Every structure is written in C-alpha cells, then in structure tokens.
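Trainee: For the protein sequence lines, the chains are F and E, in the order given. With the first letter of the first sequence counted as 1, position 204 gets the number 203 in numbering that gives the first Met the number 0; the numbers rise by one all the way through. With the first letter of the second sequence counted as 1, position 539 gets the number 538 in numbering that gives the first Met the number 0; the numbers rise by one all the way through.
There are 2 protein chains.
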Amino acid sequence: MKTAIATVSLSGSLDEKLDAIASAGFSGVELFDGDLVASFHRPETVATMIQQRGLQLYLYQPLRDIEGWDADEFRRAHDRAQRKLEIAARLGAPTVLVCSNAAPHAIADDSRSASQLAKLGDTAAQFDIRIAYEALAWGSHVNTWEHAWSLVQQSGHPNVGLCVDSFHLFARSPLVPDLSHVPGDRIFYYQIADAYWRNRDYLSWSRHERLFPGQGQFPIAELTSEVLNAGYTGPLSIEVFNDLFRETDPGRTSRDALRGLRYLEGQLLASQSLPNAESLSRDGDSIALAHAHPAEEWDFVEIATNQPDEINRTLRQLGFTHCGKHRHKTAELWTQQDVRIVIVEGSATAEVTGFGVKVLDLDRLEQRLDLMLAPNLHRITPPGDEPLIGVKSPSGIGLYFSKMSDTRSPAWVEEFSSPHGYIPSDIGIIAIDHLSINEPPETFHEAILFFRATAALEPESEVEIPSESGIVRSVALHSRLGDTRLVLNVAPASHAESIPQPEPNHVAFHVRDIVSTVSQYCRNGGKLVPLPPNYYDDLEARMPELAAERDTLEQLSIMCAAESGGLVLHAYTEAVGGVFFELIERRGTLTGYGASDSSVRRAAQRVNRAQI
Amino acid sequence: MKTAIATVSLSGSLDEKLDAIASAGFSGVELFDGDLVASFHRPETVATMIQQRGLQLYLYQPLRDIEGWDADEFRRAHDRAQRKLEIAARLGAPTVLVCSNAAPHAIADDSRSASQLAKLGDTAAQFDIRIAYEALAWGSHVNTWEHAWSLVQQSGHPNVGLCVDSFHLFARSPLVPDLSHVPGDRIFYYQIADAYWRNRDYLSWSRHERLFPGQGQFPIAELTSEVLNAGYTGPLSIEVFNDLFRETDPGRTSRDALRGLRYLEGQLLASQSLPNAESLSRDGDSIALAHAHPAEEWDFVEIATNQPDEINRTLRQLGFTHCGKHRHKTAELWTQQDVRIVIVEGSATAEVTGFGVKVLDLDRLEQRLDLMLAPNLHRITPPGDEPLIGVKSPSGIGLYFSKMSDTRSPAWVEEFSSPHGYIPSDIGIIAIDHLSINEPPETFHEAILFFRATAALEPESEVEIPSESGIVRSVALHSRLGDTRLVLNVAPASHAESIPQPEPNHVAFHVRDIVSTVSQYCRNGGKLVPLPPNYYDDLEARMPELAAERDTLEQLSIMCAAESGGLVLHAYTEAVGGVFFELIERRGTLTGYGASDSSVRRAAQRVNRAQI
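Listed below in structure tokens is the structure:
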C-alpha cells in the first residue's frame with residue numbers, strides 16, 4: 000500500500016522536507032503550493048527532485064474557492080486554475096486538490112457548482128490531470144463529504160472525483176460514514192489526520208491541532224477500512240497541520256507520521272479489514288504481527304547513577320533486598336515481591352533511564368519494532384543470558400522486552416548473584432503500580448504513539464494539573480490487562496527563574512496497607528515529603544468519612560484522593576537526585592493516580608527540596 | 000478605588016504570590032482555596048501575612064456545586080461549606096464565592112436552589128460572611144448573570160448577593176448588560192477578565208485563554224461602567240486563568256495585571272463613566288491624563304551597534320544623509336525626508352533598540368508612565384537639549400516621547416551637527432511606514448497592553464503566518480491617525496537545530512514609487528533579498544492585471560500583496576546583523592503589511608542568509 004505525507008505537515012524548506020520524507024520511508028508526497036512558491040526550484044526541477052529521492056508526487060494542492068461563483072468570478076477563478084494546472088502538468092502531478100468554496104459570498108447552487116466543476120474537469124483533462132474535490136468542514140455551502148460526493152456525481156465528469164479527508168469528516172460528525180455505495184475509483188484521494196475531540200471552531204481546530212494517526216481520538220482505522228473496502232487504491236496520505244510539528248525537526252516528524260500509518264495498518268490487519276492484502280510496509284508478514292507483542296506485565300525499572308549509595312539506602316529503607324551484581328554487566332538488582340529495580344551506571348544524579356515489560360512471545364519482535372521506526376538500543380546478549388530487546392523512546396527512555404516465564408521470577412534474575420544470599424526484608428510493597436516520566440512538549444504526542452505502536456499501551460484521557468509553575472499535561476497509558484501503567488507528563492515551559500523546574504521522574508509501588516508500609520519505611524529511617532496541615536483540613540471537608548483516620552494520615556504524610564468510586568491513598572519519598580518513589584494503596588479502585596492531589600504534592604515537594 | 004487579583008492568576012507559592020501582589024501595588028487579593036491548601040501556613044497566619052503586606056483579603060474561593068441538590072446531597076455539600084466557612088472566618092475573609100452548580104446531575108429547580116442558597120446564607124451569617132453567587136458560563140442550569148441574580152433575589156437573604164464576572168458574562172453573550180436595575184449593594188463582588196472572542200467550549204476558553212484588561216477584545220470598560228454606575232463599591236478584581244501567566248514570574252505578571260486595571264481606569268475617566276470620582280491610583284489627577292499623550296507621529300528609530308560601518312553603508316545606499324554626531328552623546332543621525340535613524344553604541348551586531356514617537360504635550364507624562372508601571376529609562380538631559388522621556392518595553396525596546404514641534408524637523412535634530420554639511424541624496428523614501436519587532440511569547444500580551452497604555456497604540460486583529468520554522472503570530476498596533484504602526488511578532492519556539500531561528504527586527508520605509516526607489520538603491524550598490532521565480536508565476540495567477548509589470552517586479556525582487564482593495568508593493572534589503580529594511584509602496588490602501596507574502600519572504604531571507 001502506498002503512503003504519503005503533505006509537505007505542509009513539516010518544517011523546513013522544500014529540499015529539507017523531501018529529504019526527510021524520503022528518509023523516513025514514505026512512497027510519495029502531496030505538494031503544498033506554498034512550498035513550491037517559496038522554493039527557488041522550478042516545477043520541472045521539483046519533479047526531478049521528487050523522483051530522484053524515489054518518491055511519487057501523488058497530489059498538488061493549489062486550488063480553493065473555485066466553484067460556486069457567478070459567471071464573472073468563475074471566469075477569474077478558472078483562469079487562475081488554468082495557470083495552476085499548467086504548473087501541475089510541469090510538476091507531473093496526476094491529481095490536483097480543490098477545496099469547497101469557503102468565501103462568505105459563495106453562491107449556494109448545486110447545479111451551478113457542479114457545472115463549474117465539470118468545466119474545471121474539462122480543463123484538467125487537457126493536461127491529463129484529475130480533480131479531487133474536498134468538502135472543507137467550514138465550507139460556506141459544501142461542508143460534508145456527502146454534499147461533495149453529490150456534486151461530483153452531478154458534475155458527471157470523469158476527471159472530477161472525491162477527496163475523503165478524515166479531519167473534515169469527523170470534525171462535523173463523529174460517526175463513521177458508510178462508503179459502500181461510493182465506487183472506489185471515484186475516490187481520487189484519501190487524506191488522513193487524527194485529532195482529539197474538541198468543541199472549537201473547525202478552522203482553528205484544523206489549523207493547529209491535527210495529529211498523526213494513533214495520536215488522537217478519531218476512529219481513523221474504521222474510516223480507512225470503509226475507504227479501502229469501497230475499493231480505493233490510492234495512497235494513505237497524511238495531511239496534518241499542527242503547531243508543534245511545524246516547529247520540530249522534519250526528519251523526526253516524518254518518522255513519527257510514518258509510524259502512525261504503520262500503526263494504522265497494524266490495526267487494520269488486526270481487525271482483518273485490509274481487503275487488498277497489500278501491506279504498507281516492506282514486509283507484509285511481519286507488520287501483520289502488529290499488536291502481537293503487547294506488554295503483559297512489568298518486568299523491571301532501570302535507574303542509572305554512578306553514586307549509588309543514596310539510592311541503595313532508600314531502596315533498603317523501602318524493604319528491598321539486594322540480589323547482587325550481574326555476572327557480565329555493571330548492574331545491581333534489588334527486589335521485593337514482584338518488583339525488580341536494576342541500578343546501572345550513569346551520571347552522578349540518579350535517573351530513571353528505562354523499564355522492562357514482559358511479552359508472551361519474542362518471535363519477530365525486532366522486525367516489528369524496526370517497522371515501527373523504534374530506534375534500536377543495541378545490547379549484546381552474552382552467551383547463556385536471556386535475550387533483552389530494547390528500543391529508545393522519543394525522550395530517550397529505554398523500553399525493554401523480555402519473555403514471560405512460567406515462574407514468577409523471570410529467568411534473567413538468575414544472572415544476578417548475591418554474595419550475601421537473600422535476606423528478605425519486605426515492608427509490604429507487592430508490585431510496580433505505575434511509572435511516571437516527564438516528556439518534553441515537542442515529543443508528547445510522538446511518545447504516546449511510540450508506546451502504543453511498540454508495546455500496545457493504550458492512552459487514557461489527558462488530564463491538566465495546575466502547579467506552581469504552570470499547567471502540567473498528563474496522559475496515562477495502560478496495558479490491555481490494565482496493570483502496566485505508564486504516566487507521561489509534560490511540564491510547563493518555564494519563563495522565569497523564580498518558578499520551580501520540572502519534577503523528577505518517579506516509580507509508584509503498589510502496597511497492601513499503606514499505613515503499615517509507610518510506618519515501617521519511617522522506622523527504617525526513610526523520609527517522606529511532609530504535607531501541609533491545611534491539606535488535612537480540606538480532606539476532612541471533602542471526605543468527612545475519613546475524619547477518624549485524619550491524624551494517622553497526617554502523621555504519615557499520606558494523601559487521599561477519590562477515584563472512580565474508590566480511594567487512592569498515597570505517600571511520597573524524598574527525592575534521590577532525579578528519582579523519587581510513591582507508595583500507593585488502592586481501596587476499591589484499580590484506576591486513577593490521585594491527580595487531584597498533584598498540585599499540593601508538587602508544592603510540598605518544592606518546599607521539601609528547598610529545605611534539604 | 001480598590002484593586003485586587005486572584006492568587007490563582009499567578010505562578011509560585013502563596014508567599015511568592017502575596018509578595019508579588021503587594022509589590023505591584025494592588026490593594027488586596029482573592030484567595031484561591033488551592034493556594035491555601037498547598038500552603039504550610041495556617042489560615043490565621045495567612046491572614047497576618049496578607050495584613051503585613053498592606054493588603055486586604057476581599058474574597059475566598061472554596062465553594063462550588065453547593066446548590067441545586069436533593070436533600071441528601073445538599074446536606075453533604077452544606078457540611079463541606081460549613082467547614083470552609085470556618086476557615087474563611089479564620090482567614091478573616093468578608094466574602095466567599097459560590098459558583099453555580101456545574102455537575103451533570105444538578106437539579107433544575109429555581110426555588111430549591113434559592114432556598115439552598117438562603118440556608119447557606121444563614122450559615123454564612125453566623126460567621127458574619129457574605130456569599131457572592133456567580134453563574135459559571137458552563138453551569139448546568141444557572142449559567143447567565145440574570146439567572147444568578149434571579150436566584151439571589153429569590154433567596155431573599157441579606158448575606159447572599161451577586162458576583163459579576165466579565166468572562167462568564169461575555170463568553171455567553173457579547174452584549175453589555177443593563178445593570179441599572181440591580182442595586183449596587185447587592186453586587187457583592189466584581190471579577191474582571193478580558194479575552195479574545197473565541198468559538199471554543201466555555202471551560203477550555205476560560206481555563207487557558209483569559210487575559211488582563213486591555214489585552215483582549217471584551218468590552219470591559221463598558222461593563223465596568225455599568226457595574227460602577229449600579230453603585231458597586233467593592234474592588235475591581237482580576238481573575239485570570241492563562242497558561243502563559245501561570246508560567247511567568249509572578250512579579251512581572253502582577254505588574255502587567257495592575258497596568259491593565261490602570262489602563263481600564265483611564266478608559267473610564269476618558270469616557271467620563273467613573274461615577275465615584277475615586278481613582279484607582281495614588282494620584283487621581285494624573286491618572287486622569289490617561290490617553291492624554293497618544294503617539295501622534297514617528298520621531299526616530301534607534302539602532303545600536305559598535306561596528307557601524309556596514310549599517311552606515313546601507314543607509315547611504317538607501318539615500319540617507321549623514322547629519323553628524325550628537326553634541327553630547329555618542330550618537331549619529333541619518334535622515335531622509337521625514338525619516339530619522341539614530342545610530343548609538345551597542346554590541347557588534349546591529350539591532351533595533353528603540354524608537355521615538357511625538358506627542359502633543361509632555362506635561363505630566365512621566366507621572367502617567369509611572370502609573371502605567373512602565374520601567375523608566377533614565378536619561379539625563381544635558382542643559383539646552385530637548386527633553387527625551389523614555390520607558391522600556393517588556394522585551395527591552397526603548398520607547399521615547401518627544402514634543403511635537405511646529406517645524407517639520409524636530410528641535411532635537413539641532414543637537415546633531417555635521418562636519419560635512421548636508422548633501423541630500425534622497426532616493427524617494429518619505430516616511431517610516433512601520434516598525435516590526437519580535438516579542439518572546441511570554442511577553443506578547445504584556446507588550447500589547449504596554450504600548451496601548453503608554454502610547455495609545457491600538458491593536459489590530461492577530462494574524463497567523465506560516466513559516467519554515469512554524470507559525471508566527473503577529474499583531475499590528477497603530478496610532479489614532481493610523482500612521483504610526485508597530486508590528487509585534489511572536490516567533491515559534493524552535494525545537495530543532497535544523498530549522499531557522501527568529502528573524503531580525505526590521506524598519507519599513509514608505510516610498511512613493513517603489514520601482515524608482517529600488518532601482519536607485521541597487522544603483523547605489525544596495526542588495527535586495529532575491530525572490531524565487533515561482534513567486535512571480537503565482538503572482539500572475541493571483542493578479543493577472545499585473546502581468547505587464549511582472550518582469551520589472553521580478554528583476555527588482557518586489558513583492559505584491561492585495562490588501563483592503565489596494566496593493567502593497569514591497570522589497571527587502573539584505574540584513575545588516577540583526578536589522579533589515581523594507582521598502583513599501585501603497586497603492587490605494589493605507590492598511591495591511593503584505594502578510595500573505597511573509598512566508599515566501601522569510602524563506603527567501605533564509606536562503607539569502609545561507610548564501611552571504
């Protein structure tokens with residue numbers, strides 16, 4: 000299957016865009032007229048540049064406000080169109096996009112518009128070019144795909160067909176249309192953009208907030224399935240306007256976009272709705288394994304530091320057992336119940352640098368990760384060691400895959416040997432509840448798609464958390480069984496020295512009884528982040544049923560948030576460099592992260608950092 | 000008149016917020032409950048902290064979703080309210096805000112809601128506290144001020160009154176309400192936020208995009224006039240939720256906010272709609288001079304560099320005459336017709352560092368600029384020199400005021416003397432058309448208000464310009480006669496090394512005949528930024544009537560944009576360090592800046608920079 004992206008989706012000059020698109024692995028492009036007009040390369044040269052990079056030019060986008068005019072204005076519009084069609088011919092573009100008229104004084108007259116489209120079709124035919132007619136969501140009169148399709152039919156011209164655009168279609172209606180009555184060869188082009196559902200004017204939403212497939216909430220797979228089942232054989236073509244993507248490196252953005260299409264293909268293959276059995280990718284077989292390696296369980300969290308004394312002390316206070324050094328690598332393992340923390344070499348400040356998940360099957364995993372454009376973290380597996388396949392997330396966090404084992408403890412644990420033997424010192428930590436990592440704003444959407452495409456972690460709704468330094472945007476992702484949870488936070492941009500910097504990443508441990516665990520941690524010498532008494536006044540006002548527990552919770556700095564009919568009780572350790580730990584007890588809810596406590600927690604951590 | 004700001008409008012801890020609010024010069028605060036809950040100071044201490052800073056606590060905001068419940072839920076809500084009223088009493092808050100119920104399962108029953116408000120009034124009365132009831136724009140049933148006022152009346156409780164909030168009111172209707180039938184003493188509180196008109200869901204719009212008065216498009220002065228004429232005597236209180244303001248230094252944000260209120264007061268005084276004649280400011284008399292010193296004309300543009308050879312050469316090529324050195328300062332003057340460029344000392348790279356405007360009267364100007372919280376640029380005027388009053392814009396550009404003179408050339412020009420005598424070498428530049436400067440995103444709204452409040456430059460609509468590095472946001476401001484024009488641009492954030500950095504500032508010169516001026520500039524050895532031939536193909540398609548001029552325009556690198564029924568023809572010089580110049584001829588339009596050419600121009604400048 001053919002893949003394309005509109006040049007307007009990327010930053011940079013036309014040369015830089017074409018280089019980026021070709022390097023990522025697309026088969027072709029949509030050329031935005033503005034990119035041509037701003038280029039010093041003449042149309043014939045641009046055609047050659049596209050060919051030399053192994054790309055196809057599928058579409059040229061120079062025309063809007065062409066139909067729905069009175070005779071005079073149509074004559075002017077048609078003259079303009081003719082000049083642009085000449086350029087399209089010089090470019091070798093087979094198809095030219097025409098958007099429905101969005102001018103306030105456009106005329107609402109279907110038969111007039113249809114005959115003007117037919118006239119345009121005549122002119123296009125002279126150049127052997129097809130016109131793909133698209134309903135803009137904010138078109139003055141034609142703003143639904145059904146209306147555009149009706150005009151295409153009325154025009155009765157073989158060179159006039161339909162352009163289906165997922166954004167314009169879903170912006171006006173969340174329902175997936177039935178395209179079974181549209182002949183596939185009348186769909187001249189299919190443009191794909193995902194987005195979050197918004198209640199915002201169509202134009203602003205469209206120009207600023209489009210996303211690549213798999214990053215938003217639109218039912219892109221279902222629409223694509225309709226388009227393909229109708230018999231469409233053209234490219235899946237990404238047309239995304241997004242403020243951030245326009246500001247980021249075009250190479251990175253192109254790979255992100257193609258990952259979105261490959262993820263989409265995986266969804267189609269998984270739902271068996273790819274009719275033509277032609278794959279997007281070089282290797283149809285292995286792409287068919289998309290979703291074949293979902294994260295099933297946490298395996299471990301990796302923390303890097305070259306001054307491990309403090310993190311080791313904190314882990315000991317948290318009841319972890321030191322299980323010794325790795326037999327080949329510079330790595331130390333700490334465990335408690337089903338939690339494994341691996342300390343590796345790094346810089347002075349302790350940092351969460353990676354995590355491992357268990358999958359049922361490693362077969363062809365590497366090929367699939369490669370197709371998902373996930374940068375490989377090359378690790379040589381010494382003979383006898385368990386294979387560990389790793390990729391690097393957009394912000395540089397390692398994501399490692401290992402095979403589920405029959406035993407509770409994974410086989411790789413045997414590679415670590417303790418000189419002291421194991422002396423369990425549990426304080427009630429039973430599992431990793433979630434891992435919370437910070438993402439730079441420019442890789443936030445990319446990271447969501449990355450973890451979906453590589454480990455089938457599914458995003459929950461975005462949450463906004465006010466903090467002393469601004470709004471923190473947060474999206475949690477979870478595995479299909481719900482117990483591998485990753486929280487991605489985007490810290491606000493800091494425009495002042497006086498305001499606090501982004502918080503460290505953290506690991507949240509699931510505990511059975513938080514009062515017991517926190518008490519033991521404190522007896523072990525562990526330190527918590529103290530919370531303000533006002534928080535507990537507020538807690539009593541919010542949850543009078545907890546009044547009897549108030550003193551205990553306050554003494555132990557335990558927070559409490561209502562979540563989905565249950566309670567999340569949680570406490571935070573003092574940070575060790577760039578890491579801190581959360582202890583979390585869930586009463587009657589398996590979802591939620593206590594987001595309503597985040598503002599107070601962050602403020603308390605800031606006070607705590609200033610004091611230590 | 001009393002002034003206040005909600006703590007939620009600012010970044011930082013409660014201590015930092017109160018310090019910032021007091022330093023800016025507000026008379027009091029609204030305390031947001033989240034700021035109290037996150038603070039380690041107990042309510043009594045917070046009361047003392049507020050007093051010690053010379054502030055009043057006017058309002059405490061802890062209550063929402065209180066009325067419109069069934070009996071059970073109201074009992075729980077009332078218990079919660081009672082605890083919060085106890086805290087309000089410990090804080091010494093005279094008034095507590097209650098927002099209309101926004102819960103999906105709230106009950107639509109006015110008499111029930113009114114009696115629940117009355118019950119809350121009874122409880123509040125025990126603490127000698129007033130309840131200010133506010134309709135949220137997204138309230139489930141109560142979402143207009145009229146409905147809230149009706150419930151206040153129905154409650155019949157002396158401790159229950161109305162809170163008027165400009166955002167909630169204008170979000171639902173752009174019309175200024177008639178408040179003449181509302182007794183002023185029943186308006187318990189008045190919250191002010193400005194905003195741009197948006198077609199966006201109320202909640203997102205409210206939480207992210209509120210602005211300080213004078214920064215948006217709401218008719219704040221008219222509403223405030225209604226509120227004051229109704230007899231309201233409480234504070235003008237700013238409650239703004241804005242993503243950027245939450246990320247910036249609270250001291251800076253507080254000054255920006257208070258400038259907004261003082262600008263508002265100036266508007267009220269100018270329209271003679273401030274009934275109580277009590278001024279916001281320390282000096283009612285001089286604040287009454289707001290708008291008394293509008294910019295009437297350009298005076299000069301200041302460029303700083305310590306390597307002036309290149310800029311001097313460019314000015315000579317542009318037909319400027321060197322008028323010599325200043326008799327006291329290190330400054331050189333270049334003139335042509337009504338354009339004056341002053342070159343002062345600076346760093347190696349030439350930069351636009353300031354500009355001067357002429358006003359009719361300098362009387363009490365300094366006091367007014369001080370009231371507008373404009374940082375003074377202290378300049379000592381040597382005896383015999385014309386006084387030059389200067390302030391520094393948010394991004395550090397100097398804004399200088401001088402007195403209009405009867406002669407065309409201002410009196411200060413006499414302070415410069417040429418060793419060579421004046422040899423005019425005009426090439427047809429007749430005036431400064433506009434000055435275009437870059438603002439960092441975090442001071443964009445502040446800068447708009449700053450130039451309104453200091454020089455009465457009025458903003459036009461915001462324009463978005465796609466560029467190779469992202470969307471450039473641009474707002475032009477103009478003087479009341481329209482011929483002093485300042486364009487503020489916010490360059491996109493750069494997230495990649497590969498994409499171009501922000502452009503330099505530039506000065507646009509108005510010319511009578513661009514072909515003649517550009518030809519002479521080139522004959523003088525001046526260099527223009529070359530434009531791509533594709534631009535001229537597009538120009539012919541857009542404007543076939545210019546076909547005959549195409550070759551001339553193309554040879555001279557002149558761009559052409561349709562603006563308001565006329566044409567803007569313009570060309571760009573190569574940059575000299577951080578400055579470039581635009582030559583602009585206006586045919587049949589005095590407005591517009593050729594924004595539609597900006598994308599191509601920026602791309603061409605990038606190519607030009609890479610080549611030189």
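Glycine included, every Cβ here is placed at the ideal spot set by N, Cα and C. Owing to the predicted nature of the structure, the values given are computational and were not obtained by experimental measurement.
Excluding five sequence neighbours on each side, which residues of the same chain lie with their C-beta closer than 6 Å to the C-beta of residue 196 of chain E?
Mentor: In the second sequence, counting from the first residue as 1, residue 196 of chain E sits at position 197. If we look at residue 196 of chain E and ignore the five residues flanking it on each side, its Cβ neighbours are 216.
Trainee: Please name the residue, chosen from F:443, F:451, F:569, F:611, that lies closest to residue 471 of chain F on a Cα-to-Cα basis.
Mentor: Position 472 of the first sequence holds residue 471 of chain F. It is F:443 whose Cα lies nearest to the Cα of residue 471 of chain F.
Trainee: What residues in the region 196 to 220 of chain E bring their beta carbon closer than 7 Å to a beta carbon of chain F?
Mentor: From the region 196 to 220 of chain E, only 198, 199, 200 have a Cβ closer than 7 Å to chain F.
Trainee: What is the DSSP secondary structure of residue 440 of chain E, reduced to helix, strand or coil?
Mentor: For the purposes of this step, residue 440 of chain E is taken as the residue at position 441 of the second sequence. Helix at residue 440 of chain E.
Trainee: What residues in its chain sit with their C-beta under 6 Å from that of residue 11 of chain E, if we drop five residues either side in the sequence?
Mentor: Counting from 1 along the second sequence, the entry for residue 11 of chain E is found at position 12. The answer, listed in chain order, is 249.
Trainee: Here's the rule I'm using: 16 or more other beta-carbon atoms within 10 Å means buried, otherwise exposed. How should residue 107 of chain F be labelled?
Mentor: Residue mapping note: residue 107 of chain F aligns to position 108 of the first sequence, counting from 1. Answer is exposed; the Cβ neighbour count stays below 16.
Trainee: Taking only beta-carbon atoms, is residue 534 of chain E less than 8 Å away from chain F?
Mentor: Position 535 of the second sequence, counting from 1, holds the residue named residue 534 of chain E. It does: the Cβ of residue 534 of chain E has a partner Cβ on chain F nearer than 8 Å.
Trainee: Count the other CB atoms, across all protein chains shown, that sit within 10 Å of the CB of residue 533 of chain F; report buried if there are 16 or more and exposed otherwise.
Mentor: In the first sequence, the residue the question calls residue 533 of chain F occupies position 534. Buried, by the Cβ-count rule.
Trainee: Can you tell which of E:254, E:384, E:263 has the C-alpha that lies nearest to the C-alpha of residue 392 of chain E?
Mentor: Residue mapping note: residue 392 of chain E aligns to position 393 of the second sequence, counting from 1. Ranking E:254, E:384, E:263 by Cα distance to residue 392 of chain E puts E:254 first.
Trainee: Please determine if the region 456 to 474 of chain F and the region 420 to 430 of chain F are in contact, where contact requires at least 3 C-beta pairs separated by less than 8 Å.
Mentor: Contact between the region 456 to 474 of chain F and the region 420 to 430 of chain F is absent, because fewer than three Cβ pairs lie under 8 Å.
Trainee: So, is the C-beta of residue 37 of chain F closer than 8 Å to a C-beta in chain E?
Mentor: As a first step, residue 37 of chain F is located in the first sequence; it is residue number 38 there, counting from the start. Yes, residue 37 of chain F lies at the interface with chain E (some Cβ there is under 8 Å from its Cβ).
Trainee: Taking Cβ-Cβ distances shorter than 9 Å, what residues in chain E pair up with residue 526 of chain F?
Mentor: Residue 526 of chain F sits at position 527 when you count from the first residue of the first sequence. Ordered by position in chain E, no residue passes the 9 Å Cβ test against residue 526 of chain F, which lies about 17 Å from the chain.
Trainee: Short of 7 Å Cβ to Cβ, which residues in the region 51 to 83 of chain F face chain E?
Mentor: If the cut-off is 7 Å between Cβ atoms, the region 51 to 83 of chain F has 78, 79, 82, 83 near chain E.
Trainee: So residue 470 of chain F contacts chain E; which residues on that side make the cut at Cβ distance below 7 Å?
Mentor: Taking the first residue of the first sequence as position 1, residue 470 of chain F is located at position 471. Simply 242, 245.
Trainee: What's the C-alpha gap between residue 94 of chain E and residue 125 of chain E?
Mentor: What you label residue 94 of chain E is simply residue 95 of the second sequence in a count that begins at 1. What you label residue 125 of chain E is simply residue 126 of the second sequence in a count that begins at 1. Residue 94 of chain E and residue 125 of chain E: Cα-Cα distance of roughly 13 Å.
Trainee: Determine the DSSP secondary structure at residue 160 of chain E, reduced to helix, strand or coil.
Mentor: Counted from its first residue, the second sequence places residue 160 of chain E at position 161. Of the three classes helix, strand and coil, the one that applies to residue 160 of chain E here is strand, per DSSP.
Trainee: Would you identify the three-state DSSP class for residue 298 of chain F, choosing helix, strand or coil?
Mentor: Position 299 of the first sequence, counted from the first residue, corresponds to residue 298 of chain F. Strand, per DSSP.
Trainee: If you measure beta-carbon to beta-carbon, which residues of the region 10 to 26 of chain E are closer than 8 Å to chain F?
Mentor: Cβ contacts with chain F: 10, 11, 12, 15.
Trainee: Strictly by DSSP, which residues pair up with residue 333 of chain E?
Mentor: As a first step, residue 333 of chain E must be located in the second sequence, where it is residue number 334. E:321, E:340, per the DSSP bridge assignment.
Trainee: Which of the three DSSP states is assigned to residue 120 of chain F in this structure?
Mentor: Taking the first residue of the first sequence as 1, we reach residue 120 of chain F at position 121. Of the three classes helix, strand and coil, the one that applies to residue 120 of chain F here is helix, per DSSP.
Trainee: Scan the region 44 to 116 of chain E and note each continuous alpha helix (DSSP H) run of 4 residues or more that stays entirely inside, going in chain order.
Mentor: Runs found: 70 to 90.
Trainee: If I'm right that residue 229 of chain F touches residue 179 of chain F with Cβ under 8 Å, what's the distance once you round it to whole angstroms?
Mentor: The residue you call residue 229 of chain F lines up with position 230 of the first sequence. The residue you call residue 179 of chain F lines up with position 180 of the first sequence. Indeed, because the Cβ distance is near 6 Å, the residues count as touching under 8 Å.
Trainee: DSSP puts residue 505 of chain E in a beta bridge; with which residues?
Mentor: Looking up residue 505 of chain E in the second sequence gives position 506. Residue 505 of chain E pairs with E:435, E:579.
Trainee: Whole angstroms are fine: how far does the CA of residue 166 of chain F sit from the CA of residue 264 of chain F?
Mentor: For the purposes of this step, residue 264 of chain F is taken as residue 265 along the first sequence, with counting starting at 1. For the purposes of this step, residue 166 of chain F is taken as residue 167 along the first sequence, with counting starting at 1. One C-alpha to the other measures close to 18 Å.
Trainee: So which residues on chain F does residue 548 of chain E lean against when the C-beta distance must stay under 8 Å?
Mentor: For this step, residue 548 of chain E is matched to residue 549 along the second sequence. None at all; the shortest Cβ gap to chain F is about 17 Å.
Trainee: Mind pulling the chain F residues with CB within less than 9 Å of residue 413 of chain E?
Mentor: Locating residue 413 of chain E in the second sequence gives position 414, where the first residue counts as 1. Here the premise fails: no neighbours, minimum Cβ distance about 44 Å.
Trainee: List the residues of chain E whose Cβ lies closer than 7 Å to the Cβ of residue 598 of chain F, in chain order.
Mentor: Locating residue 598 of chain F in the first sequence gives position 599, where the first residue counts as 1. Correct list: 33, 37.
Trainee: Taking C-beta to C-beta, are residue 368 of chain E and residue 386 of chain E nearer than 8 Å?
Mentor: To locate residue 368 of chain E, count along the second sequence from 1; it is residue 369. To locate residue 386 of chain E, count along the second sequence from 1; it is residue 387. Not closer than 8 Å, so no.
Trainee: Mind pulling the chain F residues with CB within less than 7 Å of residue 458 of chain E?
Mentor: Counting from one through the second sequence, the residue named residue 458 of chain E turns up at place 459. What residue 458 of chain E touches in chain F: nothing, since even the nearest Cβ is about 19 Å away.
Trainee: List the residues that DSSP assigns as beta-bridge partners of residue 303 of chain E.
Mentor: Here residue 303 of chain E refers to the residue found at position 304 when the second sequence is read from its first residue. Note: residue 303 of chain E sits in a beta bridge opposite E:343, E:350.
Trainee: Excluding sequence positions up to five away, which residues of its chain have a Cβ less than 7 Å from the Cβ of residue 2 of chain F?
Mentor: The count along the first sequence starts at 1 and reaches residue 2 of chain F at position 3. 25, 26, 234, 235, 257, 260, 279, listed in sequence order.
Trainee: Chain E partners of residue 537 of chain F, CB-CB under 8 Å?
Mentor: Sequence index remark: in the first sequence, residue 537 of chain F carries index 538 (1-based). Neighbours of residue 537 of chain F on chain E, chain order: 32, 36.
Trainee: With 16 other CB atoms within 10 Å as the buried threshold, where does residue 4 of chain E fall?
Mentor: Within the second sequence, the letter at position 5 stands for residue 4 of chain E. Classification of residue 4 of chain E: buried, given that the 10 Å Cβ count is 16 or more.
Trainee: In chain F, which residues lie less than 9 Å from residue 544 of chain E when you measure between Cβ atoms?
Mentor: Here residue 544 of chain E is taken as the residue at index 545 of the second sequence, counted from 1. Within 9 Å Cβ-Cβ: nothing; residue 544 of chain E doesn't reach chain F, min ~10 Å.
Trainee: How would you call residue 316 of chain E, buried or exposed, if buried means at least 16 neighbouring beta carbons within 10 angstroms?
Mentor: Working through the second sequence from its first residue, we reach residue 316 of chain E at position 317. Buried, by the Cβ-count rule.
Trainee: I want to verify the contact list: residues of chain F whose CB lies under 8 Å from the CB of residue 382 of chain E, in sequence order.
Mentor: Start at 1 with the first residue of the second sequence, and residue 382 of chain E comes out as number 383. Within chain F, no residue comes near residue 382 of chain E; the closest Cβ sits about 41 Å away, beyond 8 Å.
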